[in-house]
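Data first, discussion second: the structure below is written as structure tokens.
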Ligand SMILES: C[S@@+](CC[C@H](N)C(=O)[O-])C[C@H]1O[C@@H](n2cnc3c(N)ncnc32)[C@H](O)[C@@H]1O
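Numbering (my numbering), first residue to last: 349 to 625.
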């Protein structure tokens, strides 16, 4: 597959491959890779990530019997939560980073869910599924990477059944933020690698337009940054203080970097839409 990946997507794969060895044990026993949804005080990173997964499941209306597609499934932690809480008929997860799928197979098997959950390598913008294959499509914290988000939305509309629902969490510039300045800032704070695709730097109003053009209706985009990234930064300060030493310093540097993204005008949004019937 890598031969057909754009250079942006290859950069994303290199980033997440490097991250694999740097992750440590921040997320406890569940291999999540997201900022979490901080619904109350005292949550661990792992519990907050689980809460974010539940929010996305509820937004998509995941229900028993559904055929679910999880795009950018990472290590499969979300798929396992969907399987246990919502009892769908099947969950298919795709991710573009090979090590995440390899580890994901082991994680799913360790929960005895290999019959229900199928993980595989795949690219969000060129999916290997027949038209109208899924009832629900979920994607947590990935679409800002895709090359491009518009190409993904077209694919999402193609693989969803008429009336099927889409629920994503995503990152976009807030209304009124200059996209060019925002991308220059992203480049600086990410040591030369732009993980947010330049073609995706538009606000919620433009995003709604792209969803409509792809064939979606009943669209909602809500900012949840105060309950996700902002609270994650606070939580990292606590983790850093407990870790101390060099490890604590490294965690603090990550916290400062994420705060810079927020200060640059990056919003964290929950997106819901339905494929037209
Ligand atoms: C922040 S992680 C989120 C992982 C997972 N959804 C979670 O919540 O733990 C972003 C994921 O998007 C995946 N990704 C990025 N670009 C992709 C693409 N074009 N197609 C499929 N997956 C992609 C990355 O490999 C990575 O696993």
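All residues carry an ideal CB built from backbone N, CA and C; glycine is no exception. Since the structure is predicted, the reported quantities are computational estimates derived from the model, not experimental observations.
CB-CB length for residue 476 against residue 512, believed under 8 Å
Actually they do not touch by this definition, with Cβ atoms about 18 Å apart.
Anticipated Cβ contact below 8 Å, residue 418 with residue 487, distance rounded:
7 Å
Could you tell me whether the Cβ atoms of residue 569 and residue 556 are closer together than 8 Å?
yes
Compute the distance between the beta-carbons of residue 472 and residue 451, then report whether it is under 8 Å.
no
How about residue 615 and residue 573: are their beta carbons less than 8 Å apart?
yes
Is residue 359 helix, strand or coil when you go by DSSP?
helix
Under the three-state reduction of DSSP, which class applies to residue 579: helix, strand or coil?
helix
Residue 610: CB within 7 Å of a non-hydrogen atom of ligand 2
Among the ligands present in this structure, namely ligand 1, ligand 2 is not found.
Quick check on the DSSP output: the alpha helix (DSSP H) that includes residue 596 runs from which residue to which?
593-611
Three-state secondary structure assigned by DSSP to residue 477:
coil
Measuring only the C-alpha atoms, how far is residue 367 from residue 411?
33 Å
Limits of the unbroken alpha helix (DSSP H) element including residue 616
From DSSP, residue 616 is part of no alpha helix (DSSP H) but of the beta strand (DSSP E) over 614-623.
Looking at the structure shown, is residue 382 part of a helix, part of a strand, or coil, going by DSSP?
coil
Is the beta carbon of residue 445 within less than 7 Å of some heavy atom of ligand 1?
yes
Is residue 553 helix, strand or coil by DSSP?
helix
Residues near residue 507 in its chain [Cβ-Cβ closer than 8 Å; skip 5 each side]
417, 475, 477, 478, 479, 480, 481, 482, 485
Extent of the continuous beta strand (DSSP E) to which residue 515 belongs
508-521
State the Cα-Cα distance for the pair residue 350 and residue 389, rounded to the nearest angstrom.
Confidence at residue 350 is low in this model, with a pLDDT of 47, below 50, so the placement of that residue should be treated as unreliable; the coordinate-derived value is given next. C-alpha separation (whole angstroms): 42 Å.
For residue 468, is the beta carbon positioned less than 7 Å from some heavy atom of ligand 1?
no
Going by the C-beta, is residue 471 closer than 7 Å to any heavy atom of ligand 1?
yes
Please say whether residue 533 and residue 584 have beta carbons closer to each other than 8 Å?
no
How about residue 489: is its Cβ closer than 7 Å to a heavy atom in ligand 1?
yes
So residue 469 is in the beta strand (DSSP E); what residue range does that whole segment cover?
465-469
At a threshold of 7 Å, does residue 357 count as lining ligand 1 (C-beta to nearest heavy atom)?
yes
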